[in-house]
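Chemist: Can you keep this structure in mind? I'll have questions shortly.
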Amino acid sequence: MNTMIALPAMRRSAELAPNSVDPDARTVEVIWSAGARVRRASFFGEPYDEELSLDPAHVRLDRLNAGAPFLKVHEVDTLDAVIGSVVPGSARIENGRGIAQVRISERADVEPIWRDIQAGHIRAVSIGYQVHRFDISKPDGGRELWRAVDWTPFEVSAVPVGADPAAGFRAKGEHHDCVLHRRDAPTQEGASPMTDKTQTQASDAATAATPATTQPTEPVETEDTPMTDDKTGAAEAQTRNQPKSQATPAPDTEAIATRAREAERDRVSTIYDLAGRLNLVRSFAEDLVKRGISVDESRRLILDQVAAKSDETRTFPNVSVPLGGRDERITRRDAVANALLHRYSPTLFTLEDAARQYRGMTLLELARESLGNAGVNTRGLSRDEVATRALHSTSDFPEILSAVTNKTLRQAYEAYPRTFMLFCRQVLATDFKAMHRVQLGEAPQLLEVGESGEFKRGTLGESKESYKVKTYGRVVAITRQTLINDDLDAFTRIPAMYGNSIAQLESDVVWGIITANPAMADGNALFHTTHKNLAGTGTALAVDAVGAARAAMAKQTGLDKKTVLNVRPAFLIVPASLELKAEQLVAQNLLPAATSSVVPQSIRTLAPISEPRLDAASETAWYLAASPNQIDTIEYAYLEGQQGAYIETRNGFDVDGVEIKCRLDFGAKAIDWRGLYKNPGA
1 MNTMIALPAM RRSAELAPNS VDPDARTVEV IWSAGARVRR ASFFGEPYDE
51 ELSLDPAHVR LDRLNAGAPF LKVHEVDTLD AVIGSVVPGS ARIENGRGIA
101 QVRISERADV EPIWRDIQAG HIRAVSIGYQ VHRFDISKPD GGRELWRAVD
151 WTPFEVSAVP VGADPAAGFR AKGEHHDCVL HRRDAPTQEG ASPMTDKTQT
201 QASDAATAAT PATTQPTEPV ETEDTPMTDD KTGAAEAQTR NQPKSQATPA
251 PDTEAIATRA REAERDRVST IYDLAGRLNL VRSFAEDLVK RGISVDESRR
301 LILDQVAAKS DETRTFPNVS VPLGGRDERI TRRDAVANAL LHRYSPTLFT
351 LEDAARQYRG MTLLELARES LGNAGVNTRG LSRDEVATRA LHSTSDFPEI
401 LSAVTNKTLR QAYEAYPRTF MLFCRQVLAT DFKAMHRVQL GEAPQLLEVG
451 ESGEFKRGTL GESKESYKVK TYGRVVAITR QTLINDDLDA FTRIPAMYGN
501 SIAQLESDVV WGIITANPAM ADGNALFHTT HKNLAGTGTA LAVDAVGAAR
551 AAMAKQTGLD KKTVLNVRPA FLIVPASLEL KAEQLVAQNL LPAATSSVVP
601 QSIRTLAPIS EPRLDAASET AWYLAASPNQ IDTIEYAYLE GQQGAYIETR
651 NGFDVDGVEI KCRLDFGAKA IDWRGLYKNP GA
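Counting along the sequence shown from 1, when you hit position 514 you're at 514 in UniProt numbering, and nothing is skipped either side.
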């Protein structure tokens, strides 16, 4: 009967052969399997015995012979865990044992491990393997035997303790399909599914593992190579060659040793299992195993350790902050950002004392520094690996890049001349819904109240204008190529250009209202003869024309068409082509002049505003605008909490790096026409 199940990768202990060390080639042989049985905790119920068939037809050696990794204690999460590799083509099966040659890495951090292997201090290794097919049988009166008849060893690891039954339990990683073939009857001719060779190996291993006393003090490895002296081996061979009727009965000491070995396996397996399920460090379980602590006592010590860890978790220690009041990490991050900003523009960003140590460092050197401060070992990493990890790790480097980008963008955004801010009013929008602005008229005139008379009620005239905030944005990507190429412009000059672009967008929106002359709520254009804010005949910019415009604004009435508002202009707005003439018009008279040529003080108080966006619509038209403190003119709004350009950063998904999003939530609208006046010019 065949059954398909999903199994994780398995592990078994093996051994190094220090006498095979070649110091020049940095190689050593590994006996990665001896084929002996190992007791396993079942995935379904009762424990079972596992046997790895070493028939060459049953073992897939492709991955070993392709140069499988030689790891440090089965670590698979970091490149530093690879301390060597299997020499391609060296994996083989000889005399019922799996053998391979391992070449050790020349990295500096691996050198101590290589010296310990040569000295014989590190002898234990463990293999990781996957079973694709088990033949399952159950000898009379015994446990089920799962014999792997199709399996793949895929990695070899150096481990501190070789006799590790718990290493056979579940390992991290994805599951794979495995076929279970159960036999309904005993094997052919009633024989046990173990071969004679396997029985011999198991018997030899049991004999070699027999302790001097009945209390074992060290874990017993079921796959260690049999170690017997010549006399014992000869005696066992003679016993095996005798007929069954003349065979010497097995001594009681062997049965005692077998029971002791099984008890020791259960003890070790239980300790590792409990410690693993409660997320305790492996060294704690190893200490209990080495000291020979019983299962009951181990349970007590494990629970005490869990309780101690729980108390540590509930403790909230005070965080020490430097005298300056800032965390060291934040101080270091700001210093690196300042060094980069100073490199971008020494005149705009002065180098601070804390940043001097980072002056002259390349982007890649700063990335390596940030990884080191975060506890990441960068020794042996390539430039590409440093760049990738710096942009996708818990280091400060993405935040440093974001801070630099944000400051350069903000600096450029604020430096761009936005001329509309002088005569327009800023407000904040709470959301993206339409905002309704009431155009207040004049207050009703006061009426005389006679003796014992009543106060009469009045109403405020009003007209309603509405607009809403819109969102504008772009994404800037900082890739690993930027770091490798040390391209500082990618996140200094480019964001600065975006800052300019955002400020230009605001000016385009506001000045677009002036040039487009949109309709107001009453259906008439912003500048219209009905609104009495548009000259009937265009006149060149001059004292008389400005005087006439001032008079028209002063005569503006309220919504009741009667109340005179006496609006006084504060700004003279002209296209760039009239900038010089406007400045001359409002300049002080330094020399005596004819009375007719004198510019009155009231006109010379006007503040000239020159805007080149007006030239595209007309090079002759000029405007007057009142102060927004006297009357509404044009109103512009930012989303509350998002004034100006806003920056967001995330690790890139579409790009291999960091993405920086520039966003602007902005809107504008002409609220009242009475504070503005236009003359088409001539």
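The beta-carbon is built from N, C-alpha and C at its ideal position, and this holds for glycine as well.
Roughly how many angstroms separate the alpha carbons of Ala148 and Glu51, rounded to a whole number?
Modeler: As a first step, residue 148 is located in the sequence shown; it is residue number 148 there, counting from the start. As a first step, residue 51 is located in the sequence shown; it is residue number 51 there, counting from the start. So the alpha carbons of these two residues sit roughly 6 Å apart.
Chemist: Which residues does DSSP list as the beta-bridge partners of Ala637?
Modeler: One-based indexing of the sequence shown puts residue 637 at position 637. Looking at the DSSP assignment, Ala637 forms a beta bridge with Val427 and Gly667.
Chemist: Find out if the Cβ-Cβ distance for the pair Arg333, Asp266 is shorter than 8 Å.
Modeler: Mapped onto the sequence shown, residue 333 falls at position 333. Mapped onto the sequence shown, residue 266 falls at position 266. No, Cβ-Cβ distance for Arg333 and Asp266 is not below 8 Å.
Chemist: Quick one: grab the DSSP three-state call for Gly98.
Modeler: Position 98 of the sequence shown, counted from the start, is the residue given in the question as residue 98. Strand.
Chemist: Determine the direct distance from the alpha carbon of Ser345 to that of Thr27, and round the result to whole angstroms.
Modeler: Along the sequence shown, read from residue 1 onward, the residue named residue 27 stands at position 27. Along the sequence shown, read from residue 1 onward, the residue named residue 345 stands at position 345. Each residue's alpha carbon lies about 54 Å from the other.
Chemist: Could you tell me the boundaries of the beta strand (DSSP E) in which Leu624 lies?
Modeler: On the sequence shown, position 624 is the one that residue 624 refers to. Note, Leu624: beta strand (DSSP E), Trp622 to Ala626.
Chemist: Mind checking whether Lys669 and Glu506 have CB atoms under 8 Å apart?
Modeler: Counting from one through the sequence shown, the residue named residue 669 turns up at place 669. Counting from one through the sequence shown, the residue named residue 506 turns up at place 506. No, these two residues do not count as a Cβ contact at 8 Å.
Chemist: Fully enclosed by the segment 377-402, which alpha helix (DSSP H) runs are 4 residues long or longer?
Modeler: Those alpha helix (DSSP H) runs which fall completely within the segment 377-402 and span 4+ residues are 383-391.
Chemist: Rounded to whole angstroms, how far is the Cβ of Gly128 from the Cβ of Glu155, which I believe are closer than 8 Å?
Modeler: Along the sequence shown, read from residue 1 onward, the residue named residue 128 stands at position 128. Along the sequence shown, read from residue 1 onward, the residue named residue 155 stands at position 155. Contact holds; Cβ gap of about 4 Å.
Chemist: For Leu278, which residues in the same chain have their Cβ closer than 6 Å to its Cβ, ignoring the five residues on either side in sequence?
Modeler: Numbered from 1 along the sequence shown, position 278 holds the residue referred to as residue 278. Excluding residues within five positions, the ones whose Cβ falls inside 6 Å are Val306.
Chemist: Mapping the DSSP letters down to three states, classify Gly128 as helix, strand or coil.
Modeler: The residue labelled residue 128 in the question sits at position 128 within the sequence shown. Reduced to three states, the DSSP call for Gly128 is strand.
Chemist: Are there three or more Cβ pairs, one per stretch, closer than 8 Å when the segment 378-392 is compared with the segment 567-584?
Modeler: Segments in contact, no.
Chemist: Taking the C-alpha atoms as reference points, what is the distance between Thr620 and Thr515?
Modeler: Position 620 of the sequence shown holds residue 620. Position 515 of the sequence shown holds residue 515. If you take the alpha carbons of Thr620 and Thr515, they lie about 13 Å apart.
Chemist: First and last residue of the alpha helix (DSSP H) that includes Ile514?
Modeler: Counting from 1 along the sequence shown, the entry for residue 514 is found at position 514. Run containing Ile514: Arg493 to Ala516, per the alpha helix (DSSP H) assignment.
Chemist: Using only the alpha-carbon positions, how far apart do Tyr413 and Thr331 sit?
Modeler: Taking the sequence shown and counting its residues from 1, one reaches residue 413 at position 413. Taking the sequence shown and counting its residues from 1, one reaches residue 331 at position 331. Taking the straight line joining both Cα atoms gives about 26 Å.
Chemist: Within the chosen definition, does the segment 48-65 reach the segment 84-93 through at least 3 CB pairs nearer than 8 Å?
Modeler: At 8 Å Cβ cutoff, the stretches touch.
Chemist: Tell me the rounded alpha-carbon separation between Leu446 and Ala682.
Modeler: Here the question's residue 446 lines up with position 446 in the sequence shown. Here the question's residue 682 lines up with position 682 in the sequence shown. Taking the straight line from one Cα to the other gives about 44 Å.
Chemist: Hey, would you say Phe666 sits closer than 8 Å to Lys470, going by beta carbons?
Modeler: Here residue 666 refers to the residue found at position 666 of the sequence shown. Here residue 470 refers to the residue found at position 470 of the sequence shown. Cβ distance < 8 Å, so Phe666 and Lys470 count as in contact.
Chemist: Skipping 5 residues on each side, what residues in its chain have a beta carbon closer than 8 Å to that of Ile400?
Modeler: The residue labelled residue 400 in the question sits at position 400 within the sequence shown. Arg333, Val336, Ala337, Leu340, Leu366 and Ser370, listed in sequence order.
Chemist: Identify every residue that forms a DSSP beta bridge with Asp22.
Modeler: Walking along the sequence shown from the start, residue 22 turns up at place 22. Answer is Thr27.
Chemist: Is Ser137 helix, strand or coil when you go by DSSP?
Modeler: Working through the sequence shown from its first residue, we reach residue 137 at position 137. Ser137 falls in the strand class under three-state DSSP.
Chemist: Do Leu606 and Pro575 come within 8 Å of each other at the CB atom, strictly closer than that value?
Modeler: Here the question's residue 575 lines up with position 575 in the sequence shown. Here the question's residue 606 lines up with position 606 in the sequence shown. In this structure, Leu606 does not lie closer than 8 Å to Pro575 by Cβ.
Chemist: Based on Cα-Cα distance, which residue from Thr537, Val546 and Pro495 lies nearest to Ile647?
Modeler: Position 647 of the sequence shown, counting from 1, holds the residue named residue 647. That would be Pro495, whose Cα lies nearest to the Cα of Ile647.
Chemist: Would you kindly check if the distance between the Cβ of Ile478 and the Cβ of Asp384 is under 8 Å?
Modeler: The residue labelled residue 384 in the question sits at position 384 within the sequence shown. The residue labelled residue 478 in the question sits at position 478 within the sequence shown. Contact flag unset, no.
Chemist: Does DSSP put Val38 in a helix, in a strand, or in coil?
Modeler: The residue you call residue 38 lines up with position 38 of the sequence shown. Three-state DSSP puts Val38 in a strand.
Chemist: Hey, Leu541 and Ala625: beta-carbon distance below 8 Å or not?
Modeler: Within the sequence shown, residue 541 is the residue found at index 541, counting from 1. Within the sequence shown, residue 625 is the residue found at index 625, counting from 1. In this structure, Ala625 does not lie closer than 8 Å to Leu541 by Cβ.
Chemist: Under 8 Å Cβ to Cβ from Arg259, same chain only, skipping five residues before and after it: list those, please.
Modeler: Locating residue 259 in the sequence shown gives position 259, where the first residue counts as 1. So no residue of the chain qualifies.
Chemist: Note down, one range per segment and in chain order, each alpha helix (DSSP H) of at least 4 residues found wholly within the segment 341-380.
Modeler: Segments of the alpha helix (DSSP H) lying fully in the segment 341-380: 363-373.
Chemist: Identify every run of the beta strand (DSSP E) within the segment 267-305, keeping only runs that are complete inside it and at least 3 residues long; order them along the chain.
Modeler: Within the segment 267-305, no complete beta strand (DSSP E) run reaches 3 residues.
Chemist: Between which two residues does the beta strand (DSSP E) containing Asp49 stretch?
Modeler: Looking up residue 49 in the sequence shown gives position 49. Counting along the chain, the beta strand (DSSP E) containing Asp49 begins and ends at Tyr48 to Leu52.
Chemist: Asp150 bridges to which residues according to DSSP?
Modeler: Sequence index remark: in the sequence shown, residue 150 carries index 150 (1-based). In DSSP, Asp150 forms a bridge with Arg133.
Chemist: Quick one: Cα of Lys72 to Cα of Val281, how far?
Modeler: Position 72 of the sequence shown, counted from the first residue, corresponds to residue 72. Position 281 of the sequence shown, counted from the first residue, corresponds to residue 281. If you take the alpha carbons of Lys72 and Val281, they lie about 16 Å apart.
Chemist: Could you compute how far the alpha carbon of Ser20 sits from the alpha carbon of Thr492?
Modeler: By 1-based counting over the sequence shown, the position of residue 20 is 20. By 1-based counting over the sequence shown, the position of residue 492 is 492. Those two C-alpha atoms are separated by around 58 Å.
Chemist: Can Val427 and Ala645 be called in contact, C-beta distance under 8 Å?
Modeler: Position 427 of the sequence shown, counting from 1, holds the residue named residue 427. Position 645 of the sequence shown, counting from 1, holds the residue named residue 645. In this structure, Ala645 does not lie closer than 8 Å to Val427 by Cβ.
Chemist: Please report how far the alpha carbon of Ala429 lies from the alpha carbon of Tyr472, in whole angstroms.
Modeler: For the purposes of this step, residue 429 is taken as the residue at position 429 of the sequence shown. For the purposes of this step, residue 472 is taken as the residue at position 472 of the sequence shown. Approximately 15 Å, taken between the alpha carbons.
Chemist: To the nearest angstrom, report how far apart Arg115 and Gly499 are at their CA atoms.
Modeler: If you number the sequence shown from 1, residue 115 lands on position 115. If you number the sequence shown from 1, residue 499 lands on position 499. Taking the straight line from one Cα to the other gives about 58 Å.
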